[in-house]
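J.: Handing you a structure now.
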Amino acid sequence: MNRSKQEVQVASVLHNSKRLLRQMAAKVGLLIPTKNFVLHKGSMLPRPADRLNGPDQEDNEFFMNSAINEATRVIMKLGCTQRDFLVDIGCGQGRLPIGLTRELPSLRYLGIDVTESVIQWCKDYIESQYPSYQFQHINLINARYNPSGYVLNDDFHLPVTDGATDIVYMWGVVTNMEPEHLTVYASEITRILRSGGKAFLTANVEDNVPQFSINPENYVPWTYHGPLNIVRYERHYFLDVFQRAGLTLTDCEYHGAGNCQSDLYFVKQ
414 MNRSKQEVQV
424 ASVLHNSKRL
434 LRQMAAKVGL
444 LIPTKNFVLH
454 KGSMLPRPAD
464 RLNGPDQEDN
474 EFFMNSAINE
484 ATRVIMKLGC
494 TQRDFLVDIG
504 CGQGRLPIGL
514 TRELPSLRYL
524 GIDVTESVIQ
534 WCKDYIESQY
544 PSYQFQHINL
554 INARYNPSGY
564 VLNDDFHLPV
574 TDGATDIVYM
584 WGVVTNMEPE
594 HLTVYASEIT
604 RILRSGGKAF
614 LTANVEDNVP
624 QFSINPENYV
634 PWTYHGPLNI
644 VRYERHYFLD
654 VFQRAGLTLT
664 DCEYHGAGNC
674 QSDLYFVKQ
């Protein structure tokens, strides 16, 4: 059946429009055949099934709100501005930068993680949109997230120049880290921070417990399994590690992060 001239013109316009839309989408990094993201309130988020940190994070609104809340923490509590350089150790799937890009789109940011797949996601969906937000994989061993990585030793250095960092952020990192790595990371935080630079981290710290415990029984109100699901420290032992590294505790919100994690704020003198 022959189409009318008008029908041919309409079909041509539709075809060209689709082509232009595909080109525009590809240009801004949105043409993703595998659909490894969901769009929520103008931000690209990891797919719910791919998210870390528990079932609550699978809800788009919960995830987005947590991203905004963490960005607000960094801005209000740590004084982060557009001029600063922030290093996010254990950035995961970019929860913090997803929130930060809404307020500080030109912030100099480096996200680091031992899981290569989450770094690739952040490169594809955050770095491609915000070039000042950079992400780097470090192939270090972690029994939970990267069991085949390289063994960490005292010669390890984060890919950051001495004294170049204004803020270090570590949410939910030492909570799943081999205890013998704690002193190395504490020293590295001090090395990369400028004088007066600030660090924030969450940790399972308690009084009247062993120096450290891996997967302690009856500590959290849920059943867990697998390596390094919960790493808990005795409070004085934990703080002494950071004090000896050159970091002074300025504030602690006991269990402020939920899941028995406390919010800890440090400054490099």
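Basically the numbering used here = 1-based index in the sequence shown + 413.
No residue lacks a Cβ here, since even glycine has one placed at the ideal position from N, Cα and C.
Under the DSSP definition of a beta bridge, which residues are partnered with Y522?
T.: Answer is L499 and Y546, bridged to Y522.
J.: What does DSSP give as the partner residues of Q674 in its beta bridges?
T.: In the DSSP output, where bridge partners are listed per residue, Q674 has G671.
J.: Might you give, ordered along the chain, the residues of its own chain that have their beta carbon closer than 7 Å to the beta carbon of L595, omitting 5 neighbours on each side?
T.: Excluding positions up to five away in sequence, the list reads V587 and V654.
J.: Can you check whether the CB of V633 is closer than 8 Å to the CB of C665?
T.: Not in contact: C665 and V633 (Cβ atoms no closer than 8 Å).
J.: Quick check on F569: does DSSP put it in helix, strand or coil?
T.: Of the three classes helix, strand and coil, the one that applies to F569 here is coil, per DSSP.
J.: For the beta strand (DSSP E) that N473 lies in, which residues bound it at each end?
T.: Element bounds for N473: not the beta strand (DSSP E) but the alpha helix (DSSP H), N473 to M489.
J.: Where do the ends of the beta strand (DSSP E) carrying A612 lie?
T.: Run containing A612: L606 to E619, per the beta strand (DSSP E) assignment.
J.: Among N559, N631 and D501, which one has its Cα closest to the Cα of N522?
T.: According to the sequence shown, residue 522 is Tyr rather than Asn. When each option's Cα is compared against that of Y522, the closest is D501.
J.: Could you give the residue range of the alpha helix (DSSP H) that holds S530?
T.: Unbroken alpha helix (DSSP H) run through S530: E529 to C535.
J.: Are the Cβ atoms of V644 and F625 separated by less than 8 Å?
T.: It is a contact, given that the beta carbons lie within the stated cut-off.
J.: Note down the Cα distance separating D575 from T603, rounded to an integer number of angstroms.
T.: C-alpha separation (whole angstroms): 9 Å.
J.: Roughly how many whole angstroms lie between the Cα atoms of G669 and A616?
T.: C-alpha separation (whole angstroms): 10 Å.
J.: Please classify H649: does DSSP put it in a helix, a strand, or coil?
T.: Residue state, collapsed to three classes: helix.
J.: Check the DSSP bridge columns for I627 and list the partner residues they point to.
T.: DSSP output for I627 lists V644 as bridge partner(s).
J.: Using 8 Å for Cβ pairs, my map puts L517 next to C493. What's the rounded Cβ distance?
T.: Right, their Cβ atoms sit about 7 Å apart.
J.: First and last residue of the beta strand (DSSP E) that includes L452?
T.: Element bounds for L452: F450 to H453.
J.: Over the uninterrupted alpha helix (DSSP H) stretch that includes P510, give me the two end residues.
T.: Its alpha helix (DSSP H) spans residues R508 to L513.
J.: Looking only at its chain, what residues have a beta carbon closer than 8 Å to the beta carbon of E471, apart from the 5 residues adjacent to it on each side?
T.: Answer for E471: P461, A462 and R464, listed in chain order.
J.: For W635, does the count of other Cβ atoms within 10 angstroms reach 16, so buried, or fall short, so exposed?
T.: Per the 10 Å Cβ criterion, exposed.
J.: From Y563 to L513, what does the alpha carbon distance come to, in whole angstroms?
T.: Answer to the nearest angstrom: the Cα atoms are 31 Å apart.
J.: Following the continuous beta strand (DSSP E) through L458, name the residue where it begins and the one where it ends.
T.: Unbroken beta strand (DSSP E) run through L458: S456 to P459.
J.: How many angstroms separate the CA atom of F569 from the CA atom of D469?
T.: In a straight line, the C-alpha of F569 is about 34 Å away from that of D469.
J.: N552 bridges to which residues according to DSSP?
T.: Beta-bridge pairing links N552 to no other residue.
J.: Taking the continuous beta strand (DSSP E) assigned at V581, which residues delimit it?
T.: Looking at the DSSP string, the run of the beta strand (DSSP E) that includes V581 is T578 to M583.
J.: What does V680 pair with, by DSSP beta-bridge criteria?
T.: V680 is bridged to K611 and T661.
J.: Work out the CA separation of P629 and W534 for me, nearest whole Å.
T.: Near 32 Å, if we compare the C-alpha coordinates of P629 and W534.
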